[in-house]
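Residue numbers (the numbering used here): 548 to 770.
C-beta atoms are modelled at their ideal positions from N, C-alpha and C, and glycine is treated no differently.
Owing to the predicted nature of the structure, the values given are computational and were not obtained by experimental measurement.
Only one structure is covered here, and it is reproduced in the block below.
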Ligand SMILES: Nc1ncnc2c1ncn2[C@@H]1O[C@H](COP(=O)(O)OP(=O)(O)OP(=O)(O)O)[C@@H](O)[C@H]1O
Ligand SMILES: [Mg+2]
C-alpha cells in the first residue's frame, strides 16, 4: 500500500478556548496509482488532512505510513518525514504558492533544490515538464505575468518535479473555469511517465467523478 492513514486525530488548542477536534479518527488506504477524491464542506478539515498526509502538519494522535514507513513515530521521524516527502510526494496547494520573485522554470525546479532528491538536471527536467503542461513558451516569465490556469499548470509541473508516487492536491481546479479545470485534471492524470496516485480535495463533482473513489469528510470522519 502506498499510503496508509491510521486513526488520525487532529485537535487545535487555542489558549483560553475549548480544543477543536477537526479530525476524529480518519483512516484511509491509497494504493499505487489510485485516485481518491475528498469532498466536504468548508471548514470540514480537508486541508488539515492533506497537510498531515504529506507530513507538513502533525496529528494529535494516529499515524500515516508512506510506502510502509511511518511519518510521525519512531526514531529519526523528522528526518524520515523530510526524506519521504521529498522523494515520494508532490503538493499542489489551494492557492498555488508560487514564489513571486522566481521565474517559471525556477519555481518548477525548487523541489529538486534540497539535498534529499536526485533529479539529473533539474533545469532540463523543469523545462520538459513545462513543455508538457503547455507553457514551453513562458519559461522566463514571473508568476504574476501568468493567468490563474497557467499558474496552476506551473504548480502541477512543480509537483511532478521529483517524480513523486503520490500527489496531494488541494482544490487543483478551484480557481479555474470548467474547461481549464478539465485540462488540468487531464494533465494531472496523464502527464506523468509512471503511475501516479493522487488524493485530491475538490468541490467539483466532475473532478470527483474522474477519481476511482470519492470520500466525504464530515464531523471529523471520512465516509
Ligand atoms: N492553525 C489552526 N488553529 C486553529 N484552528 C485551525 C487551524 N487551522 C485550521 N483550523 C480550523 O480547522 C478547521 C478545518 O480547517 P481546514 O482548513 O482543514 O478546512 P477545509 O475543509 O480545508 O476548508 P475549505 O474548504 O474552506 O478550504 C476549521 O474550522 C479551521 O478554523
Ligand atoms: Mg481547505
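Residues bridged to residue 763 (per DSSP): Sequence index remark: in the chain shown, residue 763 carries index 216 (1-based). Paired residues: 586.
CB-CB under 8 Å to residue 571, same chain, minus the five flanking residues each way: which ones, in chain order? Here residue 571 refers to the residue found at position 24 of the chain shown. 556, 766, 767, 768, listed in sequence order.
Going by the beta-carbon positions, is the gap between residue 713 and residue 746 smaller than 9 Å? Walking along the chain shown from the start, residue 713 turns up at place 166. Walking along the chain shown from the start, residue 746 turns up at place 199. Yes; because the gap between Cβ atoms is below 9 Å, this pair is in contact.
Using a threshold of 9 Å, state whether the C-beta atoms of residue 720 and residue 749 are closer than that. The count along the chain shown starts at 1 and reaches residue 720 at position 173. The count along the chain shown starts at 1 and reaches residue 749 at position 202. It is a contact, given that the beta carbons lie within the stated cut-off.
With respect to the alpha helix (DSSP H) encompassing residue 567, which residues constitute its N-terminal and C-terminal limits? In the chain shown, the residue the question calls residue 567 occupies position 20. Element bounds for residue 567: not the alpha helix (DSSP H) but the beta strand (DSSP E), 567–577.
Report the three-state DSSP secondary structure of residue 771 (helix, strand or coil). Since the displayed the chain opens at 548 and closes at 770, residue 771 lies outside it and no answer follows.
Alpha carbon to alpha carbon, what distance is there between residue 553 and residue 686? Numbered from its first residue, the chain shown carries residue 686 at position 139. Numbered from its first residue, the chain shown carries residue 553 at position 6. Spanning the two alpha carbons is a distance of roughly 41 Å.
Other residues of its chain near residue 594: CB distance less than 8 Å, five sequence neighbours each side excluded: Taking the chain shown and counting its residues from 1, the one referred to as residue 594 is at position 47. Closer than 8 Å at the Cβ level, and outside the excluded window around residue 594, lie 641, 717, 748.
Extent of the continuous alpha helix (DSSP H) run through residue 659: As a position in the chain shown, residue 659 is number 112, starting the count at 1. No alpha helix (DSSP H) contains residue 659, which DSSP labels as neither H nor E.
In chain order, which continuous runs of the beta strand (DSSP E) of length 3 or greater are located wholly inside the region 720–754? 744–748
Using only the alpha-carbon positions, how far apart do residue 760 and residue 626 sit? In the chain shown, counting from the first residue as 1, residue 760 sits at position 213. In the chain shown, counting from the first residue as 1, residue 626 sits at position 79. Their Cα atoms are separated by approximately 32 Å.
Write down every uninterrupted run of the beta strand (DSSP E) in the region 672–728 whose length is 3 residues or greater and which is fully enclosed by it, in chain order. 713–717
Between which residues of its own chain and residue 566 is the CB-CB distance below 8 Å, once the five residues before and five after are set aside? For the purposes of this step, residue 566 is taken as the residue at position 19 of the chain shown. Excluding residues within five positions, the ones whose Cβ falls inside 8 Å are 558, 559, 560.
Taking the straight line between their C-alpha atoms, what separation do you get for residue 700 and residue 613? By 1-based counting over the chain shown, the position of residue 700 is 153. By 1-based counting over the chain shown, the position of residue 613 is 66. Cα to Cα, the separation comes out at about 26 Å.
For residue 683 and residue 697, I'd like the C-alpha separation in whole angstroms. For the purposes of this step, residue 683 is taken as residue 136 along the chain shown, with counting starting at 1. For the purposes of this step, residue 697 is taken as residue 150 along the chain shown, with counting starting at 1. Distance between the alpha carbons of residue 683 and residue 697: 11 Å.
Residue range of the beta strand (DSSP E) that includes residue 551: Counting from one through the chain shown, the residue named residue 551 turns up at place 4. Segment 550–559, the beta strand (DSSP E) holding residue 551.
Does DSSP classify residue 613 as helix, strand or coil? As a working mapping, residue 613 is identified with position 66 in the chain shown. Note: residue 613 maps to strand in three-state DSSP.
On a CA-only basis, which of 751, 757, 600 is nearest residue 588? Give me that one, please. For this step, residue 588 is matched to residue 41 along the chain shown. The shortest C-alpha separation from residue 588 is found at 751.
Helix, strand or coil for residue 769, going by three-state DSSP, please let me know. As a first step, residue 769 is located in the chain shown; it is residue number 222 there, counting from the start. Residue state, collapsed to three classes: strand.
To the nearest angstrom, how far is the alpha carbon of residue 653 from that of residue 725? As a first step, residue 653 must be located in the chain shown, where it is residue number 106. As a first step, residue 725 must be located in the chain shown, where it is residue number 178. Whole-angstrom Cα-Cα distance: 28 Å.
Taking 8 Å as the cut-off, is the C-beta of residue 718 nearer than that to any heavy atom in ligand 2? Numbered from 1 along the chain shown, position 171 holds the residue referred to as residue 718. Answer for residue 718: yes, Cβ within range of ligand 2.
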